[in-house]
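In order, the protein sequence lines correspond to chains A and B.
The first sequence runs 1 to 319 under the UniProt record's numbering.
The second sequence runs 1 to 294 under the UniProt record's numbering.
For every residue, glycine included, the Cβ atom is placed at its ideal position computed from N, Cα and C.
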Amino acid sequence: MTLLAAPPAPPHAPPRGRRRRRLGDLVRYRWLFVLMLPGLVYFALFRFWPMWGARIAFKNYIPFLGIDGSEWVGLAHLREFLSNPDFPRLLENTLIVAGLSLFIAFPLTIVLALLLNELRLQILKRTVQTLVYIPHFLSWTVVVSITALLFAIGTGPLWTFFGWLFGTDANMLADPDWFRPLILMQEVWKNTGWGTIIFLAALAGVDQEQYEAAIIDGAGRWQRVWHITLPSIMPTIVVLLILQTGQILNTGFEQIYLMSNSLNRTVADVFDTYVYFAGIEQGAYSYATAVGLFKAIVGLVLIFGTNWLAKRFNQQGIF
Amino acid sequence: MASSTHKRFNTRAGRAFDVLNVVLLTGVGLLAILPFVYVLAGSFATELEITTRPFFLWPDDFTTTSYESILSSDVILRAFVTTVAVTVVGTLIQLGLTVLLAYPLSKVDLPGRRTVLSLVVFTMVFSAGMIPTFLVVKDLGLLDTYWSLILPAAINPFSLIIIKNFFQQLPSELEESAKIDGANELQVLRHVVIPLSKPVLATFALFYAVGIWNDYLSPLLYLSDTGKWTLQMILRQVTAAASLSADELNSDVPPPAQGIKFAVVIIATIPVLLAYPFLQKHFAKGMLIGSVKG
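Below is the structure:
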């Protein structure tokens, strides 16, 4: 996967007479610079200006005084957050949701891709692919609404089914015990199928002669999967693991927010929704920014950490 | 594809696995759409049928009451029209901005290219977060405007890099001959590069469109004026409520409490499902072209 890899070096001679070349470049590339301008303004305004504004995490930001006029308090907000009795609960909830995704949904994606790859009936393979990609394109609002209809107390088909299976008549949509299973079900339903695309693409690139050689050597089907198919998608698995690790504190705001209600808050609150409630609903801008920054920096450390680990184990990283 | 070129293996275990796999994957495929089919069937069912039959894929008693109730409600109709408009305009703006940045970045000897690319990649792994972005949108005076649904996420860094990679592997001879004929960069982009990239651009246009259509976070953050709410916000409002009165919906026809929820889900989904066949034709190809070539 070379999505983030360095581009091939230009086949030109190394720059000489730098200054003159630069001036000449500016003239030669003037149209390209003009074309770039709107995009650069976008990145400056909506991606980098917020990073500069994030310094309110270290201040007591009062909109009336402006960012520069507000009092500097250093790490006070971060300390307040880390010593907040809510913190352990938020961390636990966030890590459990991320863990379900990493240890259950992600392996399921790989299994589904491998099963699809073993399917010999091409028409069925294409049909199944078409069907399992669909839920990915539905919004979280739609997925959560469908969940609400399927689990509607007294009438929903899945409420009836699970109620019969587990002998319960709980309101699963509000019951804290059902929150995580529901989140996982939604995640698997919405994204497992779509996730297989990248593995199937990697599998399509596997040299067929390897399989033929293995067949001649008497390797069975399972051995071929284990010794050829799996190693050939290993780089893809590693890259996705690195990316997902960096996202571990990002639980997907929309899904959690839409699924949480006053009855399941104890297990539903995660960092993302906490930032929203503290910042937008209660107006504690500085405090909420500090929480968000904490999350982003942990994510950055994790992504570089796993990348480093991957390289140590002789896998291709993403940087 | 891998399996088609395999030699067939007719061991008993191999065949048993094949049969099992066919059954299993057929089941998986059905599971992917059955919930949606149930909602579709429910949207045409009577209130009585929804509350008494646990599961059905075809209503016994076919009715369009739920849809009639919605169509006579200004709130939902207005939200639908607004969302379509924001999606169309937004997609054009987002794709335009992405292409305009991707094209110069596809020129490997452009000065400053690596710096810009590094900054773009940096935004993929680090973002300032919800509140600072909200404050920027607020400072720019975009709160309660439709621009707030379009501009903050205008360029998706992943899409940008994939489109850039695609431009980069186009044969440079075509561009050069156009330049010899006196075309400037903008003309080359318009008359050479874009026509050659139609499938890829169509794919990303649809991704952007689906992104805007499905967006819930942006209207939640930026639109406090309920009169401006998009369809996803209304959908949430309708399905989260225990039941709705005709008054709340601003509708002449009293809404069936459950049925209307089914119908709103369908209305919020139909445009995406209509786009899906087009999307599906291209996305695997479009995405891979861009990401495989470096």
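Taking CB atoms only, I33(B) has a neighbour in chain A less than 8 angstroms away.
Using a Cβ-Cβ cut-off of 8 angstroms, S66(B) does not count as an interface residue toward chain A, since no Cβ of chain A sits closer than that to its own. Within chain B, not a single residue places a beta-carbon under 9 angstroms from that of A76(A); the smallest gap is close to 16 angstroms. N60(A) has E71(A) as its beta-bridge partners, per DSSP.
Per DSSP, the continuous alpha helix (DSSP H) segment holding H77(A) begins and ends at 76-83.
In the structure shown, the three-state DSSP call for F271(A) is helix. From the listed residues F48(A), W178(A), L116(A), F304(A), the smallest Cα separation to N261(A) is found for W178(A). The beta-carbon distance between V200(B) and I163(B), rounded to whole angstroms, is 6 angstroms. This is short enough to meet the 8 angstroms contact definition. Annotated three-state conformation of A85(B) is helix, per DSSP.
At a cut-off of 8 angstroms, the C-beta of G14(B) has a neighbouring C-beta in chain A. A residue is called buried when at least 16 other Cβ atoms come within 10 angstroms of its Cβ; L23(A) does not meet this threshold and is exposed. Under the Cβ distance rule, I134(A) counts among the residues neighbouring chain B, one pair being separated by less than 8 angstroms.
Exclusion of the five residues before and after A263(B) leaves S43, S66, Y67, I70 as the residues of its chain whose Cβ lies within less than 7 angstroms of its Cβ.
Using a Cβ-Cβ cut-off of 8 angstroms, V128(A) is close to L25, T26, V28, G29 of chain B, given in chain order. Burial state of V39(B) is buried, judged by a 10 Å Cβ sphere holding 16 or more other Cβ atoms. Residue range 230-246 is occupied by the alpha helix (DSSP H) that includes S232(A).
Contacts with chain A at 8 angstroms (Cβ-Cβ) do not include E49(B).
In the structure shown, Y29(A) falls within a coil segment according to DSSP collapsed to helix, strand and coil. Between L92(B) and D144(B), the CB-CB gap reaches or exceeds 8 angstroms.
Contact fails between the segment 151-164 of chain A and the segment 202-215 of chain A, because fewer than three Cβ pairs, one in each stretch, are under 8 angstroms apart.
From the beta-carbon of I146(A), the residues of chain B found nearer than 8 angstroms are P35, F36, V39, V265. At a cut-off of 8 angstroms between C-beta atoms, W308(A) does not count as an interface residue with respect to chain B. Exposure of K281(B) is indicated by the presence of fewer than 16 other C-beta atoms within 10 angstroms of its C-beta. Under the three-pair Cβ rule at 8 angstroms, the segment 200-220 of chain B does not count as touching the segment 108-119 of chain A. Not a single C-beta of chain B is nearer than 8 angstroms to the C-beta of M172(A).
Residue-level contact check: A296(A) touches chain B, since one or more beta carbons of chain B fall below 8 angstroms from its beta carbon. Annotated three-state conformation of I194(B) is helix, per DSSP. If the five residues before and after M124(B) are omitted, its C-beta is found closer than 6 angstroms to the C-beta atoms of P157, all from its own chain and listed in chain order.
The C-beta of F278(B) comes no closer than 8 angstroms to any C-beta of chain A. Taking a Cβ-Cβ threshold of 9 angstroms, the residues of chain A close to N184(B) are W31, in chain order. Listed along chain A is no residue with a C-beta nearer than 9 angstroms to that of L77(B); the closest approach is about 18 angstroms.
Approximately 6 angstroms separates the beta-carbon atoms of E49(B) and D60(B); this is inside 8 angstroms, confirming the contact. Around V81(B), no beta-carbon contact reaches into chain A at under 9 angstroms, the shortest distance being about 18 angstroms. Between the segment 291-304 of chain A and the segment 64-76 of chain A there are fewer than three inter-stretch CB-CB distances shorter than 8 angstroms, so the stretches are not counted as touching. Remark: fewer than three beta-carbon pairs, one from each stretch, lie closer than 8 angstroms, so the segment 182-194 of chain B and the segment 71-86 of chain B are not flagged as touching. Just so you know, the alpha carbons of L149(B) and F134(B) end up roughly 12 angstroms apart.
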